[in-house]
Amino acid sequence: MLAEVTIGLSWPMLGAVVAGLTLVYLVILRPIYNVYFHPLRKYPGPKLLMDIHTKYGPIVRVGPNELSYAIPEVWDDVYGRYRAGKRKENQKPSWYLSKDANDILSAATGDHGRMRKILSNGFTTNAMLEQEPAIAGYVDLLILRLKERAEDGKAAIDLWQWFVYCLFDVTGDLAFGEPFGCLRESMMHPWISFVLNNIKLTYIILLCTRIPFFFFFAPVLATIKLVREYAQHRKVLRETVDRRLALNVERPDLVQVMLTQKDGLKMSQEEIYSNAVTLTLAGAETTASALSGIMYMLASYPEVKAKLMKELQDAFKSEDEINMRSAMQLRYLAAVIDETFRYHPPGPNALWRTTPPEGNWILGDFIPGNTIVGIPHHVMYRSEANFKRADEFIPERWLADSKTSGFSTDRREGFHPFSYGPRNCIGLNLANAEMRFILARVLRNFDVEVTQQSRGWMDKQRSYLMWEKGGLYMYLKPKYSGSGASS
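Count the sequence shown with the working numbering and you get residues 541 to 1027, in order.
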C-alpha cells in the first residue's frame, strides 16, 4: 500500500510529506508521549521554566528524561556509592565530561578511584602543613598589595579580582610548581582571563553537546575563537608542567603527589597534565568566589561583622598567631562560612548524574535507565522545607543546639556544598583551611565596607557552570600600620 502511494508522488512532494510527518511527530506525538506515557509522567513539571521547585515541590521533572530533587534524604541515592543488591552508582553524563577522560572529574569509576587514591596524599593534614609556608607567602603578598591600594579606606578595590589573583597563584604553585604571577605583577594572567571571560559560552557549548540541535543557535565565531585559544593555552600549561617535571626535585606540591606511586598505582603524563589544570580551576575559582561572597555578606550585615571581629580579637593578640591550624578553631567564622555557602553556594547548580541503563532506585521509586538526575544546591539550601527563614542570613543557625534553638527543624543533613559520595570535592579540607586563614588575615588588617557601585552584587549574578559575576568593589580601611605582622 505504501509503495502504491509513494509511486504516485514526485520527489518534492515526498519530501514535503516526510517533513510534515516529522513535524507532526515533534509537535504533537512526542509531547503527548512525554506528558502522558513517559515513565517519568507521574512527576510534576512546568510548561515553562519558572520558579519550578517552589511551584511544583521537591521533585520536579524539568525535562522529558530529567528529574531535579530538593530533598535531603536523596543525596545518597543520587551521588552515593554502589550498594550490592540495592543500586549501582549513577555516572556522570557523557556530554558533561572531557572527551579524553584524563582528569579526576571526567574519569570512569575505576580510573577515578585510582586517581583519587594517588591525589589524596596531597590533601591530608600533614600535606597542608607542609604547604602552609608557601600559602602564607601569597597571603602576605595579598595583604601588602591591598594596603598599597587602600588609600586609608578611600579607594574602591575589586576584592573579587584580588582573591582570584591570590587563589590562582596558590593553586598554580601547588598544581604546576610555579605561580601565575598575578600578585607579583598585580595583573590577571591571560589564561585566567580566558577562563573567567568564557564562563557563559562554555556553558552554551556544554548544552549544545547535550542537545546538538542547539548548535544551530550557538555563536559560531566566538566558539571557533574559544577552541583556538583553548588549544594555545593548553600548550602553555603543558609546558609549565614540563618545567616542573624537569626540576627532578621533591617539593610539597601536587605535581610531586601525582608523580609518586601509591600501592602500585600511578598516573600517566597525560593524566598529570589534565589534573593540574582541573585542580587549579576547581581549587581557585570556587574558593575566590566563596571568599568574595563572605566579604560581601559581612559588609552587608554589620552585626555579623562585629561579632566576628570580636572573635578574632579575643583569639589573636597579634597577627603572628594566625595560621591555618589556629584559624580552624574559630567557631563563629566557621558559621559565617557555612551560612554563606547555604545562602549563596559557589556552585549553585546540580552536578548531573545519569541512571544506569537498567535503571535505579531513588527514594523508593524506580527511575528508568538513562534518566538525568541532580540536586541543585541553591534550591536545596534556600527551601523553607529544609531551612527555617531560608532567605535570611543567620550564621547563628550553625552554632545553636539543634534541640533547643529556633532552628531545630533545619535539615542540616541536606547541606553538602562540596558535593557528596565518592566524587565529592577532594580538596574540601584544603579549601576550608585556606578560606579561614585568608579571612582571618584580611579581617585582622582591614575594616570592610561595600561601595555603592557593588550594592546588590549577589542579586546581579547569573548562574551558568558557576556564577557569572562582576567586580566586588569595597573600601578597605587598614587597621594597623606596616606591611608585615602586627601586634
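Cβ atoms here follow ideal geometry from the backbone N, Cα and C, with glycine treated the same way.
The beta carbon of Leu777 lies closer than 8 Å to those of Phe716, Trp731, Tyr813, Ala816 and Val817 in the same chain, with the five residues before and after it left out.
DSSP places Leu746 outside any beta strand (DSSP E); the residue lies instead in the alpha helix (DSSP H), whose first and last residues are Ile739 to Arg750. In the DSSP assignment, Pro1018 falls within the unbroken beta strand (DSSP E) covering Tyr1013 to Pro1018. For Tyr1004, no alpha helix (DSSP H) segment is defined, and its DSSP state is neither H nor E. The straight-line gap separating the alpha-carbon atoms of Ala855 and Met868 is approximately 11 Å. The distance from the Cβ of Leu1016 to that of Val988 is about 6 Å, consistent with a contact at the 8 Å cut-off. Tyr883 and Phe933 do touch by the CB rule: their CB atoms are close to 5 Å apart, below 8 Å. Following the DSSP letters along the chain, one finds Phe753 in no alpha helix (DSSP H), marked with neither H nor E. Distance between His917 and Asn788, taken at the CA atoms: about 42 Å. Counting along the chain, the unbroken alpha helix (DSSP H) around Tyr921 starts and ends at His917 to Tyr921. DSSP, reduced to helix, strand and coil, places Ala828 within a helical segment of the structure shown.
In the DSSP assignment, Ile675 falls within the alpha helix (DSSP H) that extends over Thr665 to Ala690.
Counting only runs of 4 or more residues that sit fully inside the stretch 822 to 886, the alpha helix (DSSP H) segments are 842 to 855, 864 to 867 and 871 to 883, in chain order. Setting aside the 5 residues that flank it on each side, Ala762 is surrounded in the same chain by Leu741, each with a C-beta closer than 7 Å to its C-beta; the list follows chain order. Annotation for Glu613: no beta strand (DSSP E) segment contains it, and DSSP assigns it neither H nor E.
Here the C-alpha atom of Met920 lies approximately 41 Å from the C-alpha atom of Glu688.
Under the three-state reduction of DSSP output, Arg768 falls in the helix class. Setting aside the 5 residues that flank it on each side, Val614 is surrounded in the same chain by Ile902, Leu903 and Ile915, each with a C-beta closer than 7 Å to its C-beta; the list follows chain order.
Partner residues in the beta bridge of Asp905, as assigned by DSSP, are Ile902. A straight line joining the alpha-carbon of Cys706 with that of Glu691 spans about 20 Å. Arg984 counts as buried, since at least 16 other C-beta atoms from the protein chains shown sit within 10 angstroms of its C-beta. Bridge pairing for Arg656: absent [DSSP]. The three-state reading of DSSP puts Asp987 in strand, counting E and B together. Here Phe927 is buried. Its C-beta has 16 or more other C-beta atoms within 10 Å. Excluding the 5 residues flanking it on each side, Cys965 has same chain C-beta neighbours closer than 8 Å at Ala822, Phe958, Ser959 and Ala971, in chain order. Residue pairing of Ala696 in beta bridges, as defined by DSSP: Tyr1015. Residues Glu769, Tyr770 and His773 of the same chain have their beta carbon placed closer than 8 Å to that of Phe734, with the five preceding and five following residues left out of the count. When DSSP states are grouped into helix, strand and coil, Thr894 belongs to the strand group. A distance below 9 Å separates the beta carbons of Pro633 and Trp892.
DSSP, read as helix, strand or coil, puts Arg951 in coil. Rounded to whole angstroms, Glu851 and Ile912 show a C-alpha spacing of 45 Å.
Sequence-distant partners of Glu1008 (beyond 5 residues in either direction) whose C-beta falls short of 8 Å from its own C-beta, in its chain, are Ile739, Lys740, Gln1001 and Arg1002. About 18 Å separates the beta carbon of Glu825 from that of Thr780, a gap too long to meet the 8 Å contact definition.
The C-beta separation of Arg654 from Leu805 comes to about 5 Å, placing the pair in contact by the 8 Å criterion.
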